[in-house]
Amino acid sequence: MIVILTGAGISRESGIATFRDAGGLWENERIEDVATPGGFARNPGKVFAFYNARRREITAGSIKPNAAHLALARLEQACGESVLVVTQNVDNLHEQAGSRSLLHMHGELLKARCTACGKVSAWEEDMDEKSLCPACGKIGKLRPHIVWFEEMPLYMDTIDEALTTCRLFVSIGTSGNVYPAAGFAARARSSGAQTLELNLEPSLNASGFHEGRYGPATQVVPAWVAEILEKR
Ligand code: APR
Numbered sequence: 095m096i097v098i099l100t101g102a103g104i105s106r107e108s109g110i111a112t113f114r115d116a117g118g119l120w121e122n123e124r125i126e127d128v129a130t131p132g133g134f135a136r137n138p139g140k141v142f143a144f145y146n147a148r149r150r151e152i153t154a155g156s157i158k159p160n161a162a163h164l165a166l167a168r169l170e171q172a173c174g175e176s177v178l179v180v181t182q183n184v185d186n187l188h189e190q191a192g193s194r195s196l197l198h199m200h201g202e203l204l205k206a207r208c209t210a211c212g213k214v215s216a217w218e219e220d221m222d223e224k225s226l227c228p229a230c231g232k233i234g235k236l237r238p239h240i241v242w243f244e245e246m247p248l249y250m251d252t253i254d255e256a257l258t259t260c261r262l263f264v265s266i267g268t269s270g271n272v273y274p275a276a277g278f279a280a281r282a283r284s285s286g287a288q289t290l291e292l293n294l295e296p297s298l299n300a301s302g303f304h305e306g307r308y309g310p311a312t313q314v315v316p317a318w319v320a321e322i323l324e325k326r
């Protein structure tokens, strides 16, 4: 089994800003204002606006999967062993590229979560305090289905099981700033997996990988996938 962790860097060449690079999302907004439960409680309108803008970017239709997303979908279809993509990204570019074995550990921009009934529903339009839950019909109880700081990422049991049983762990386009994702390489390595980092530049935890290949994802990811498929 191959486990692949992806971060904002894999979507960068599709036109979606990362968080911590120059011009990144956290240069223009404070995390505590738009990506914490406290920020949502203090000023829900600001948080709704932040995610509405990012959702509109995706639904506008001009943002497409790039060669890196497509290569991972090709790997899943052709490599003959199971592949699990664990993404920190909340865009739907892995789905658009054809990946099916996919877990969004930080949630999804195109889903809404109801704080009254707990249901998660598909959601493509703007969301605000007047939005109505598609499952229970209550008004003003929806929030973005995004895992904020101070909240527990999703699917952690499934992810940990995969990390401790995979033969290969690959990290793509993530800076290694945010746990628990930043600890996945060490967890896989301690369970005997080979670990590989594919990134524009060495991440904060680059030294924890057996191997690193650096360059734009649209170059290093397809090259790596081609190598894996040739070895089959
Ligand atoms: N190709 C490959 N890697 C790239 C590219 C590219 N074209 N452009 C940027 N990168 C790399 C950067 O070098 C950096 O290491 O992608 C990484 C982006 O890092 P961050 O902006 O910190 O994004 P990410 O690691 O996904 O952030 C993790 O932090 O704010 C939270 O919830 C948010 O999921 C996010 C989490």
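For reference, each letter of the sequence shown is one residue, going 95 to 326 in my numbering.
Where a beta carbon is used, it is the ideal one built from N, C-alpha and C, also for glycine.
All of these numbers come straight from a predicted model, not from anything done at the bench.
Endpoints, the beta strand (DSSP E) within which residue i is located
| i | result |
| --- | --- |
| P159 | Segment: none, P159 is in no beta strand (DSSP E) and carries neither H nor E. |
Bridge-paired residues (DSSP) for residue i
| i | result |
| --- | --- |
| L290 | V264, E305 |
| T100 | T181, I266 |
Cβ neighbour criterion (16 or more within 10 Å) applied to residue i
| i | result |
| --- | --- |
| I152 | buried |
| R334 | Here the chain covers residues 95 to 326 and nothing more, so residue 334 does not appear. |
| S225 | buried |
| S269 | buried |
| S193 | buried |
| F142 | buried |
| Y145 | buried |
| A162 | buried |
| N122 | exposed |
| P159 | buried |
| A102 | buried |
| R106 | buried |
| L298 | exposed |
| C230 | exposed |
| N137 | exposed |
| M250 | exposed |
| G109 | exposed |
Opening and closing residue of the alpha helix (DSSP H) in which residue i lies
| i | result |
| --- | --- |
| E126 | 125 to 128 |
| L119 | 119 to 122 |
| E321 | 311 to 325 |
| E151 | 138 to 153 |
| F278 | 278 to 284 |
| G256 | Note on identity: in this sequence residue 256 is Ala, with Gly being the wrong assignment. Start and end: 250 to 257. |
Counting pairs of beta carbons, one from the segment 124 to 137 and one from the segment 162 to 179, are three or more of them closer than 8 Å?
No, the segment 124 to 137 does not touch the segment 162 to 179.
Does the segment 276 to 286 come close enough to the segment 298 to 307 that 3 or more CB-CB pairs lie under 8 Å?
Touching, yes.
Entirely within the segment 159 to 239 and at least 4 residues each: give me those alpha helix (DSSP H) ranges in chain order.
161 to 172, 187 to 191, all fully within the segment 159 to 239.
Below 8 Å, can you find three or more Cβ-Cβ pairs linking the segment 239 to 257 to the segment 175 to 189?
Touching, yes, given that three or more Cβ pairs across the two stretches are closer than 8 Å.
At least 3 beta-carbon pairs within less than 8 Å: the segment 199 to 211 vs the segment 238 to 249
In the pairwise beta carbon analysis, the segment 199 to 211 is classified as touching the segment 238 to 249: at least three pairs are separated by under 8 Å.
Tell me, please, whether the segment 227 to 235 touches the segment 121 to 128 by the rule of three or more beta-carbon pairs shorter than 8 Å.
They do not touch, by the three-pair rule.
Taking contact to mean at least 3 C-beta pairs separated by less than 8 Å, is the segment 302 to 321 in contact with the segment 282 to 294?
The segment 302 to 321 vs the segment 282 to 294: in contact.
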